[in-house]
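Have a look at the structure below before the remarks.
There are 2 protein chains.
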Amino acid sequence: MAEPLFRRLALIGVGLIGSSIARRARARGDLAGEIIACARTEATRARVRELDLADRVLEDPAQAVRGADGVILCTPVGTYGAIAEIIAPHLAAGAIVSDVGSTKQSVIRDVGPHIRPGVHFVPAHPLAGTEHSGPDAGFAELFEGRWTLLTPPDGADPGAVEKITEFWRRCGAMVETMEAGHHDRVLAIVSHLPHLIAFTICGTADDLADESRGQVLQFAASGFRDFTRIAASDPVMWRDIFLNNREALLEMLARFMEDAQAMARAVRWGDGGYIEDKVERGRKIRHSLIELNQA
Amino acid sequence: MAEPLFRRLALIGVGLIGSSIARRARARGDLAGEIIACARTEATRARVRELDLADRVLEDPAQAVRGADGVILCTPVGTYGAIAEIIAPHLAAGAIVSDVGSTKQSVIRDVGPHIRPGVHFVPAHPLAGTEHSGPDAGFAELFEGRWTLLTPPDGADPGAVEKITEFWRRCGAMVETMEAGHHDRVLAIVSHLPHLIAFTICGTADDLADESRGQVLQFAASGFRDFTRIAASDPVMWRDIFLNNREALLEMLARFMEDAQAMARAVRWGDGGYIEDKVERGRKIRHSLIELNQA
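Chains A and B supply the protein sequences, listed in that same order.
In the numbering used here, each number is its position in the first sequence, counted from 1, plus 11.
In the numbering used here, each number is its position in the second sequence, counted from 1, plus 11.
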């Protein structure tokens, strides 16, 4: 068994991702010698104690990070600035602060200024999740075979980056490092825009007259079912993601709307060749995805 | 074992749906005494023979329907008018003509006028499918536990409607009858619009610069993966569906675009409450779907 990477690991937030990290750390001793879990509500703290996910369960983030050599923010990204301000004076010298948020420029903007010299800051984003949330939703294998993207800011300590890389490798993830702005653009198209569209179309369906709505639910074909699976995610988490990747998301949405308008025009004017071409391109992207997954 | 519903059943088109009907009919003798399969290309006919899906495999629809008491059109809906014109003079007295198309007003418009008195016409739509196509993609259990919607035109023969109902019940489907225009509106929102959106977003991603596109594929999170599964369907089939449910599809698309614009506006101006509300509605629809499936 490898030595634990962190002597004391503080997890701020214990939802799907935080509780999955805790479970993985509990399952083997190679991630953390001691796990401190921090949750805002008493209900979550009680549940984390019942599930025995941590050595200590605390309400106050400042207390949670004291003496920790690893701190991972696992709350919605909109909370990061306030939490960073609270924990900053209490971070131990040499500690590494990381996170799991889906937007990375905002994390560097909101957390970076609070990190004093001698404390390390390595933003990270595990591309893993389900449509469930909360401490009961997590499982130790969530990150296995999935990507985790690191976006260390300029001048980040190479040792700290290597340690977070190793942390996620031990969780079973494949790790890649990229610039935060690039991360946000890629995630806007592969994740944030699809979710925004899924939430929107659910609302569109919900707005139909009552009689139609019942039949929409009754006859939901596979198409709509896939959308609703995407759409059954945590409202606050997604609100924060959309608001914190605003520019890239609005750009991708604008491109998508132009393309949807072009498709509408093709349908209206009966341009079968255009429609066929678009469907064919979707098929090809699907094919590429399958090939990449097999590789 | 029940007596076969049809003495001789002609399947015009042997793709995913047609070959699934053929497999179900082959598996048990309660659907058809004899199966005639009709396919346009020699490649498909050869494959249907290899798979032993029919008693006879023919190229000419007119020949295929001769002496058949049941005829089911299983080709893309855009072909129905021409096929109806070809087969009309050769339909046996008392035969029932049905189909499996995803648009129903267009079927009544394109096929109805060719049906002479004494021949019955009962349009049907099994809400079943996968992202695969062709005679190899079918399986006998495809329709089990799924809905099949019938849209008999005014004055349809009750006996013929009952026979098609029984046909799909024996395939394992739940059957409901509704007006064709209503069917087309419900399907526009539960299936046609989601597919149009999925095809569009795949194109939007494909238009990104090459370097980003590679990473889109590499890091495709669950959101985008669900979209590409939807998008990997048959181009000609979907082209025909979009063009033959034009009005309902354009209306649902216009509603969706308005809603997406409202979402974009909320993101731009930081209206977190609006976004949270939309995500919450998606969650509720998801919840309703799960409850209905359990009921």
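All residues carry an ideal CB built from backbone N, CA and C; glycine is no exception.
Looking at the strands, I want to know which residues DSSP matches up with glycine 81 of chain A. A:Leu20, A:Ile107
Pull up the DSSP beta-bridge partners for tryptophan 158 of chain A, would you. A:Met185
At a CB distance below 7 Å, what residues from the stretch 87-111 of chain A approach chain B? Give them in sequence order. none
Whole-angstrom C-beta distance between glycine 129 of chain A and leucine 84 of chain A, which should lie under 8 Å: In fact, because the Cβ distance is near 19 Å, the residues do not count as touching under 8 Å.
Return no unless some Cβ of chain A is closer than 8 Å to the Cβ of aspartate 270 of chain B. yes
Thinking alanine 50 of chain B and valine 59 of chain B are a contact (beta carbons under 8 Å), I'd like their distance in whole angstroms, please. 6 Å
Whose CA, out of A:Gly112, A:Leu160, A:Asp245, A:Ala139, lies closest to the CA of glutamate 187 of chain A? A:Leu160
How about alanine 306 of chain A: is its C-beta nearer than 8 Å to some C-beta of chain B? Its pLDDT being 42, under 50, alanine 306 of chain A is placed unreliably by the model, and the measurement read from it follows with that caveat. Closer than 8 Å: no.
Check the Cβ of glutamine 226 of chain A against every Cβ in chain B and list those closer than 7 Å, keeping chain order. Val197
Span of the alpha helix (DSSP H) holding valine 130 of chain A? That residue, valine 130 of chain A, is in no alpha helix (DSSP H); it is neither H nor E in DSSP.
Thinking C-alpha only, which one of A:Leu22, A:Met268, A:Val247, A:Val133 is nearest phenylalanine 210 of chain B? A:Met268
Name the residue from A:His143, A:Leu254, A:Arg35 whose alpha carbon lies nearest to the alpha carbon of glutamate 152 of chain A. A:Arg35
Determine the DSSP secondary structure at alanine 65 of chain B, reduced to helix, strand or coil. coil
Could you pull out every residue in the same chain whose Cβ sits closer than 8 Å to the Cβ of glutamate 190 of chain B, ignoring the five residues on either side in sequence? Thr162
For proline 87 of chain A, does the count of other Cβ atoms within 10 angstroms reach 16, so buried, or fall short, so exposed? buried
By a C-beta neighbour count over all protein chains shown, 10 Å radius and 16 as the cutoff for buried, is glycine 29 of chain B buried or exposed? buried
If you run the structure through DSSP and keep just helix, strand and coil, what is alanine 33 of chain A? helix
Helix, strand or coil: which one does DSSP assign to isoleucine 119 of chain A? helix
Residues sharing a beta bridge with cysteine 49 of chain B, DSSP: B:Ile23, B:Leu69
Neighbourhood of phenylalanine 150 of chain A by C-beta, 8 Å cutoff - its chain only, sequence neighbours within 5 removed: Ser31, Arg34
From alanine 135 of chain A to glutamate 155 of chain A, what does the alpha carbon distance come to, in whole angstroms? 16 Å
Using 8 Å as the cut-off, can you tell me whether the stretch 235-246 of chain B makes contact with the stretch 101-121 of chain B, which would need three or more C-beta pairs spanning the two stretches below that distance? no
Within-8 Å CB hit, tryptophan 158 of chain B to chain A: yes
Grouping DSSP H, G and I as helix and E and B as strand, with all else coil, what is alanine 167 of chain B? coil
For glutamate 53 of chain B and arginine 67 of chain B, I'd like the C-alpha separation in whole angstroms. 14 Å
Consider the Cβ of tryptophan 179 of chain B: report whether some Cβ of chain A lies at a distance smaller than 8 Å. no
Touch test, the stretch 249-261 of chain A against the stretch 268-280 of chain B, Cβ-Cβ under 8 Å, three pairs minimum: yes
What would DSSP say about glycine 44 of chain B, mapped onto helix, strand or coil? strand
Using the Cβ count rule (16 or more neighbours within 10 Å means buried), how would you classify proline 205 of chain B? buried
On the DSSP bridge list, what partners appear for proline 137 of chain A? A:Thr159
Considering only residues of the same chain and omitting the five flanking positions on each side of leucine 69 of chain A, which have a CB-CB separation below 6 Å? Cys49, Ala75
Quick one: which chain A residues come within Cβ less than 7 Å of cysteine 213 of chain B? Arg292, Gly293, Ile296
Is aspartate 71 of chain A closer than 8 Å to tyrosine 91 of chain A when the C-beta atoms are compared? no
Can the beta-carbon of leucine 300 of chain A be found less than 8 Å from the beta-carbon of threonine 215 of chain B? no
Unbroken alpha helix (DSSP H) run spanning isoleucine 212 of chain B, endpoints: 204-217
What is the DSSP secondary structure of proline 124 of chain A, counted as helix, strand or coil? helix
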